[in-house]
Amino acid sequence: MTNNDVMKSVRYTLEIKNKEVVQMIKDGGVELTVLNVVDLLKNEEDEGFVECPAETVHAFLDGLILKRRGPSDRPAKIFSTAKIDNNMALRKLRIAFEMKDTDMIETMKNVGFSVSKGEIGALFRAPTHKHYRDCGDQFLRNFLKGLTHTFRPDDSSPSANSLPDDSPWANFKF
398 MTNNDVMKSV RYTLEIKNKE VVQMIKDGGV ELTVLNVVDL LKNEEDEGFV ECPAETVHAF
458 LDGLILKRRG PSDRPAKIFS TAKIDNNMAL RKLRIAFEMK DTDMIETMKN VGFSVSKGEI
518 GALFRAPTHK HYRDCGDQFL RNFLKGLTHT FRPDDSSPSA NSLPDDSPWA NFKF
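For the sequence shown, our numbering puts the final residue at 571, and the numbers step up evenly by one.
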């Protein structure tokens, strides 16, 4: 999945407005304006679309952790901002939503995706571990869909009526 897709999905799931996204990214250590965020949240085929850099999605997910869990007493781990892979995105989402293996299994089950505790554990192992497993796009996409199902049970797919007020498409007639 692209960094833009991860940001859009989390934003939709939690019904976060653009100004809140800017604040979360700022809390994660990157300065952006609302207009920058709007460009990041556009579809790839739209004019003005900007690909989300790894540093920005790291900051967004770190800001999400801070927003949902508060600041930690321990020093933050420093992750390379060169590239964010699906495993790292999944790890940060798991931390932000304070999920255990069983919670993740239930989230995946809600969207018809069967996964075992061992498979979940393999996603969070060190890449050099012999039982490490890459998190594929389909797995991350289904996990994000499961989160949407959990946080927005009556509305599992985006529509014109569910767009945040500050969305550039809020007044657009579909």
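Note that CB positions come from ideal geometry on N, CA and C, so glycine has one too.
Being a predicted model, the structure only gives us computed values, none of them experimental.
Residue nearest to residue 530 within the set 487, 546, 550 is 487 (criterion: CA-CA distance).
Contact check for residue 539 and residue 510: beta-carbon distance about 4 Å, within the 8 Å limit, so the pair qualifies.
A direct Cα-to-Cα measurement between residue 438 and residue 457 gives close to 13 Å. Closest in alpha carbon position to residue 512, among 536, 447, 467, is 536. Counting along the chain, the unbroken alpha helix (DSSP H) around residue 436 starts and ends at 431-437.
In the DSSP assignment, residue 529 falls outside any alpha helix (DSSP H), carrying neither H nor E.
Around the beta carbon of residue 431, a 10 Å sphere encloses fewer than 16 other beta carbons of the protein chains shown; the residue is thus reported as exposed.
Residue 501 and residue 517 have their C-alpha atoms roughly 8 Å apart. Annotated three-state conformation of residue 447 is coil, per DSSP. Here residue 440 is exposed, its C-beta having fewer than 16 other C-beta atoms within 10 Å. The beta carbon of residue 543 lies closer than 6 Å to those of 504, 505, 507, 508 in the same chain, with the five residues before and after it left out.
In the DSSP annotation of this structure, the continuous segment of the alpha helix (DSSP H) that includes residue 402 starts and ends at 400-411. Straight across, the Cα-Cα distance linking residue 463 with residue 407 is about 15 Å. With distances taken between CA atoms, residue 460 lies nearest to 424 out of 424, 445, 428.
Straight-line spacing of the CA atoms in residue 403 and residue 465 works out to 17 Å.
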